[in-house]
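Peer 1: Chains as they are written, first to last, in the working numbering: chain A, 12 to 183; chain B, 662 to 853. Glycine residues also receive a C-beta, built at the ideal position from the N, C-alpha and C atoms. Keep in mind it's a predicted model, so treat the numbers as computed, not measured.
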């Protein structure tokens, strides 16, 4: 019997073929949003560990089900701003900040950008569109330090996107 | 134990990537590995349990949070590489470009050879040493059977429990395939 024949013989009990290829393609298309959900999940897990809080206790604080917390910490949650705020309040942490012209961060002493070349209008537009949110996480530092030759200001875990190009930040 | 077909060239029922589904499992091992690795909680717990090994690999500043993120970036990259290879399979690309012999020193091709897939470290995008491994048994250049996968944080597989367990799984599947008579040189010729 040929190898194909032997393989067919062995595989005859397999219930079905996998749909991995289709699922993997979907995941590849959503890689950035998945990464963001993951960073929030890992931040929450780290804080829960540090503060010795169980997931059940967090569920109680947020008035959500244990299953919902499980989805969050597995990195499967597509977060709303409301959910982020609730988690921030419950754990006493800040997970996310918005950088923009009216951002509360602007003008604060703790966050000063050095002189930078004035970007073009379209360039700014791209940044505003693509990067309204920066995750506040120790991961930010690690990610950006991996990029060679790019000057990045990190102050209290904020990434100064003004100092790097759109393309470069996208690579982060 | 049974086999699940993961992907392969069109109109080829046996060629391609297969994965073992172990008794009692609801999912084949290939998809189960990625499901675990993409689960932030699973990865965080793995990093907590192996924090000392992580520090040896990534440096003393690593935390379960940052370690998990680093490893999960690699998961995304590895899945993308396998996906890319799967999409090329219809155009005479074979799985041998993805899987290499388990033993780095092994330059020969042998029957039911133990193999591994990992992120191509010398690629343009991935400038780091890859830690993730998908383990498979080579049937021929276009047919591999995935037996498991691991996050390899030690030099030798036998040096940590989760990687030495993978060696046992490879041997178990090899024995199972041999029991079904897929171990003769003429079998290799029939598809090459």
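Looking at the structure shown, is residue 771 of chain B part of a helix, part of a strand, or coil, going by DSSP?
Peer 2: Residue numbering aside, residue 771 of chain B sits at position 110 when the second chain is read from its first letter. Residue 771 of chain B falls in the coil class under three-state DSSP.
Peer 1: Which residue marks the beginning of the alpha helix (DSSP H) containing residue 47 of chain A, and which one marks its end?
Peer 2: Indexing the first chain from 1 puts residue 47 of chain A at position 36. Per DSSP, residue 47 of chain A belongs to the alpha helix (DSSP H) from 42-61.
Peer 1: Note down the Cα distance separating residue 839 of chain B from residue 91 of chain A, rounded to an integer number of angstroms.
Peer 2: One-based indexing of the second chain puts residue 839 of chain B at position 178. One-based indexing of the first chain puts residue 91 of chain A at position 80. One C-alpha to the other measures close to 53 Å.
Peer 1: Compute the beta-carbon to beta-carbon distance between residue 835 of chain B and residue 773 of chain B, rounded to the nearest angstrom, for a pair I have assumed lies under 8 Å.
Peer 2: Residue numbering aside, residue 835 of chain B sits at position 174 when the second chain is read from its first letter. Residue numbering aside, residue 773 of chain B sits at position 112 when the second chain is read from its first letter. Yes, they are in contact, since the Cβ atoms of residue 835 of chain B and residue 773 of chain B sit about 5 Å apart, within 8 Å.
Peer 1: Just verifying my parser: in three-state terms, what is the DSSP assignment at residue 125 of chain A?
Peer 2: Here residue 125 of chain A refers to the residue found at position 114 of the first chain. Residue placement at residue 125 of chain A is flagged as unreliable, the pLDDT there being 44, under the threshold of 50; the coordinate-derived value follows with that caveat. Coil at residue 125 of chain A, not helix or strand.
Peer 1: Answer yes or no: does any C-beta atom of chain A fall closer than 9 Å to that of residue 689 of chain B?
Peer 2: Locating residue 689 of chain B in the second chain gives position 28, counting from the first residue. So yes, residue 689 of chain B belongs to the interface.
Peer 1: Can you tell me where the beta strand (DSSP E) holding residue 725 of chain B begins and where it ends?
Peer 2: Here residue 725 of chain B refers to the residue found at position 64 of the second chain. Residue 725 of chain B -> not in any beta strand (DSSP E); alpha helix (DSSP H) instead, spanning 725-749.
Peer 1: List, in order along the chain, the chain A residues whose C-beta lies closer than 8 Å to that of residue 667 of chain B?
Peer 2: Counting from 1 along the second chain, the entry for residue 667 of chain B is found at position 6. Simply 28, 29, 31 and 32.
Peer 1: Applying the criterion that 16 or more other CB atoms from any shown protein chain within 10 Å of the CB defines a buried residue, is residue 812 of chain B buried or exposed?
Peer 2: In the second chain, counting from the first residue as 1, residue 812 of chain B sits at position 151. Buried: at least 16 other Cβ atoms inside 10 Å.
Peer 1: Below 9 Å between beta carbons: does that hold for residue 795 of chain B and residue 714 of chain B?
Peer 2: Walking along the second chain from the start, residue 795 of chain B turns up at place 134. Walking along the second chain from the start, residue 714 of chain B turns up at place 53. Not closer than 9 Å, so no.
Peer 1: Is any beta-carbon of chain B found at less than 9 Å from that of residue 103 of chain A?
Peer 2: Locating residue 103 of chain A in the first chain gives position 92, counting from the first residue. No, because no Cβ of chain B sits closer than 9 Å to the Cβ of residue 103 of chain A.
Peer 1: State yes or no: is the beta carbon of residue 724 of chain B nearer than 9 Å to at least one beta carbon in chain C?
Peer 2: Of the protein chains in this structure, namely A and B, none is chain C.
Peer 1: Using a C-beta to C-beta distance shorter than 8 Å, which residues of chain B count as neighbours of residue 38 of chain A?
Peer 2: Numbered from 1 along the first chain, position 27 holds the residue referred to as residue 38 of chain A. By Cβ distance, chain B contributes 699, 737 and 740.
Peer 1: Beta-carbon of residue 710 of chain B versus every beta-carbon of chain A: anything under 9 Å?
Peer 2: Numbered from its first residue, the second chain carries residue 710 of chain B at position 49. Closer than 9 Å: no.
Peer 1: Starting from the beta carbon of residue 42 of chain A, find every residue of chain B whose beta carbon is closer than 7 Å, and list them in chain order.
Peer 2: Residue 42 of chain A sits at position 31 when you count from the first residue of the first chain. Per Cβ cutoff of 7 Å: 737.
Peer 1: Quick check: the Cα distance between residue 708 of chain B and residue 724 of chain B, rounded to an integer number of angstroms?
Peer 2: As a first step, residue 708 of chain B must be located in the second chain, where it is residue number 47. As a first step, residue 724 of chain B must be located in the second chain, where it is residue number 63. For residue 708 of chain B and residue 724 of chain B, the distance between alpha carbons rounds to 8 Å.
Peer 1: Can you name the residues that DSSP bridges to residue 679 of chain B?
Peer 2: For the purposes of this step, residue 679 of chain B is identified with residue 18 of the second chain, where counting begins at 1. Beta-bridge pairing links residue 679 of chain B to B:666 and B:806.
Peer 1: By the three-class DSSP mapping on this structure, what secondary structure does residue 793 of chain B have?
Peer 2: Counting from one through the second chain, the residue named residue 793 of chain B turns up at place 132. Reduced to three states, the DSSP call for residue 793 of chain B is strand.
Peer 1: Could one say the Cβ of residue 747 of chain B lies closer than 9 Å to chain A's Cβ atoms, at least one of them?
Peer 2: Walking along the second chain from the start, residue 747 of chain B turns up at place 86. Chain A contact via Cβ: present.
Peer 1: Tell me which residue opens and which closes the alpha helix (DSSP H) that residue 704 of chain B is part of.
Peer 2: Numbered from 1 along the second chain, position 43 holds the residue referred to as residue 704 of chain B. That run of the alpha helix (DSSP H) goes 701-710.
Peer 1: Output, in chain order, the set of chain B residues within a Cβ distance shorter than 9 Å of residue 77 of chain A.
Peer 2: Looking up residue 77 of chain A in the first chain gives position 66. Correct list: empty, because the minimum Cβ distance to chain B is about 13 Å.
Peer 1: What are the boundary residues of the alpha helix (DSSP H) that residue 687 of chain B is part of?
Peer 2: Taking the first residue of the second chain as 1, we reach residue 687 of chain B at position 26. No alpha helix (DSSP H) contains residue 687 of chain B, which DSSP labels as neither H nor E.
Peer 1: I want to see whether chain A comes within less than 9 Å of residue 707 of chain B, judged by CB atoms only; does it?
Peer 2: As a first step, residue 707 of chain B is located in the second chain; it is residue number 46 there, counting from the start. Residue 707 of chain B does not count as touching chain A.
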